[in-house]
Amino acid sequence: MDTGMRKWGQPYLTREAFSLFSERMGDQILMILALDENDPIAGALNFIGSDVLYGRYWGCKREKRFLHFELCYYQAIDAAIERGLGTVEAGAQGSHKLARGYAPVETYSAHWIADPGFRDAVADFLEREREGVSVEQMFLDQRTPFKKTTSQKN
Numbered sequence: 479m480d481t482g483m484r485k486w487g488q489p490y491l492t493r494e495a496f497s498l499f500s501e502r503m504g505d506q507i508l509m510i511l512a513l514d515e516n517d518p519i520a521g522a523l524n525f526i527g528s529d530v531l532y533g534r535y536w537g538c539k540r541e542k543r544f545l546h547f548e549l550c551y552y553q554a555i556d557a558a559i560e561r562g563l564g565t566v567e568a569g570a571q572g573s574h575k576l577a578r579g580y581a582p583v584e585t586y587s588a589h590w591i592a593d594p595g596f597r598d599a600v601a602d603f604l605e606r607e608r609e610g611v612s613v614e615q616m617f618l619d620q621r622t623p624f625k626k627t628t629s630q631k632n
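Position in the sequence shown (first residue = 1) + 478 = my numbering.
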């Protein structure tokens, strides 16, 4: 709730949402918590797919250096390996993810926009944005921490 309050002005994951997650898809949820003594101070909510762990929500009551990366990336990777999942999808955005082993990948979003004028404006923007995103993805692909392979012609 704290993250929602600070970033978006209101929490959108309510207590009721967590109850519904538990009730309807409890076996597809992985909540990774950081505890200080027995007091939860941070958490990362993940959704378990057939071969993917989707990391989606992070929140904390108290900032601790590197805790976000420990819960959202390193613990998620460990959990995915333990469950035999092939991919950890850490969500869109963030060149800071490169150093943690997450190469950029395209993400998709599906929205229905009721107002035709606004829908056209968004479509126009997205058409132009695709080129910029493509250029940025190529730029970031060259900066991953992984060994680069080159093909050699004989």
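For each residue, glycine too, the CB sits at the ideal point set by N, CA and C.
All figures in this text were calculated on a predicted structure; none of them were measured in a lab.
Between the Cα of L531 and the Cα atoms of P594, G610, A554, which residue gives the shortest distance?
The sequence position of residue 531 within the sequence shown is 53, counting from 1. Ranking the options by Cα distance to L531, first place goes to A554.
If you follow the beta strand (DSSP E) that G521 is part of, which residue opens it and which one closes it?
Position 43 of the sequence shown, counted from the start, is the residue given in the question as residue 521. Looking at the DSSP string, the run of the beta strand (DSSP E) that includes G521 is 517-526.
Between the CA atoms of S497 and L508 - distance to the nearest angstrom:
Residue 508 sits at position 30 when you count from the first residue of the sequence shown. Residue 497 sits at position 19 when you count from the first residue of the sequence shown. The alpha-carbon atoms of L508 and S497 are separated by roughly 14 angstroms.
Taking 8 angstroms as the cut-off, decide whether the C-beta atoms of G527 and L511 are in contact.
Along the sequence shown, read from residue 1 onward, the residue named residue 527 stands at position 49. Along the sequence shown, read from residue 1 onward, the residue named residue 511 stands at position 33. Remark: C-beta atoms of G527 and L511 do not approach each other more closely than 8 angstroms.
Please state whether DSSP places I555 in a helix, a strand or coil.
Stepping through the sequence shown from its first residue, residue 555 is reached at position 77. I555: helix per DSSP, three-state reduction.
Just grab the DSSP bridge partners of G537 for me.
Locating residue 537 in the sequence shown gives position 59, where the first residue counts as 1. G521.
Quick one: residues in its chain with C-beta nearer than 8 angstroms to the C-beta of D448, no 5 flanking neighbours on either side, listed in chain order?
An answer regarding residue 448 cannot be provided, because it is not within the stretch 479 to 632 covered by the chain.
Only counting the same chain, and skipping five residues up and downstream in sequence, which positions put a Cβ closer than 8 angstroms to that of R540?
Position 62 of the sequence shown, counting from 1, holds the residue named residue 540. Closer than 8 angstroms at Cβ, skipping near neighbours: D514, I519, A520.
Residue nearest to R534 in terms of C-alpha spacing, selected from R543, L549, F544:
Position 56 of the sequence shown, counting from 1, holds the residue named residue 534. The shortest Cα separation from R534 among R543, L549, F544 belongs to L549.
With DSSP as the reference, label A581 as helix, strand or coil.
Along the sequence shown, read from residue 1 onward, the residue named residue 581 stands at position 103. In this structure, A581 counts as coil in the three-state DSSP scheme.
Could you say if the region 563-582 and the region 608-622 meet the contact criterion of at least three C-beta pairs nearer than 8 angstroms?
Output reads yes: the region 608-622 touches the region 563-582.
If you draw a straight line from the alpha carbon of S612 to that of F547, how long is it in whole angstroms?
Within the sequence shown, the letter at position 134 stands for residue 612. Within the sequence shown, the letter at position 69 stands for residue 547. Distance between the alpha carbons of S612 and F547: 26 angstroms.
Kindly list the residues whose CB is nearer than 6 angstroms to the CB of R529, restricted to its own chain and excluding five residues on each side of it in sequence; keep chain order.
In the sequence shown, the residue the question calls residue 529 occupies position 51. Here the sequence assigns Asp to residue 529, which means Arg is not the residue at that position. These residues qualify, in order along the chain: L563, G564.
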